[in-house]
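Numbering (UniProt numbering), first residue to last: 1 to 194.
See the structure below:
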């Protein structure tokens with residue numbers, strides 16, 4: 001009968017094998033990275049640019065962008081409005097939230113050319129450090145942020161929530177005019193349930 005086979009892995013063998021795999025991976029990635037770099041330098045066939053006119057934070061802006069540029073990238077890279085953040089770039093995190101024609105959108109999911117003639121409001125347009133929007137003030141007073149990366153999108157969405165409450169309640173008439181108190185009551189319940 002033959003002696004049993006030793007299947008134990010020795011540290012030296014593991015490290016040698018790992019180094020070989022890493023070297024092979026680096027060699028193959030180098031070739032594909034070079035090919036990818038060359039393909040990125042050349043614009044894809046048929047790529048076009050369009051001149052887009054936007055009203056951003058009350059200011060008329062005109063820019064020429066590649067048709068594939070998102071509204072988020074147009075704001076950040078072409079207009080240097082960096083308050084609107086790029087988080088996931090898939091519309092899942094809300095860091096890119098801004099308002100277009102009064103409606104809240106994820107700007108990473110929308111092409112800039114789709115918004116020709118639209119009114120866009122970013123976090124920079126709702127207040128300044130000296131005269132903050134009430135929602136910005138509330139976030140500061142309630143420590144509604146930590147690192148602050150998601151805060152601009154959170155504030156934009158929160159402002160729209162208040163408007164949505166008002167809109168949904170607009171079909172209910174109060175002859176006394178207690179609308180501010182009704183809104184406060186709704187907000188209180190929302191706070192209690194949070």
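A virtual CB, placed ideally from N, CA and C, is assigned to each residue, including glycine. The structure presented is a predicted model; accordingly, all values stated were derived computationally and were not measured.
Item, Value
"Provide the residue(s) that pair with residue 233 in DSSP beta bridges, ordered along the chain.", "This structure leaves residue 233 out entirely; the chain is present only between 1 and 194."
"What do you get for residue 152, buried or exposed, if any count of 16 or more other CB atoms within 10 angstroms of its CB means buried?", "buried"
"Skipping 5 residues on each side, what residues in its chain have a beta carbon closer than 8 Å to that of residue 47?", "66, 67, 68"
"On the criterion of 16 or more Cβ atoms from any shown chain inside 10 Å, does residue 192 qualify as buried, or is it exposed?", "exposed"
"Alpha carbons only, please: which of 16, 117, 78 is nearest the one belonging to residue 53?", "117"
"Residue 171 and residue 125 look like a contact to me (Cβ under 8 Å); what is the Cβ gap, rounded to whole Å?", "Not quite, the Cβ-Cβ distance comes to about 30 Å (not below 8 Å), so this is no contact."
"Just confirm the distance between the C-beta atoms of residue 75 and residue 107, as a whole number of angstroms; I'd bet it's less than 8 Å.", "7 Å"
"Mind checking who residue 104 pairs with in its DSSP beta bridge?", "99"
"CA-CA distance, residue 99 and residue 156?", "7 Å"
"Tell me residue 119's beta-bridge partners as DSSP assigns them.", "55"
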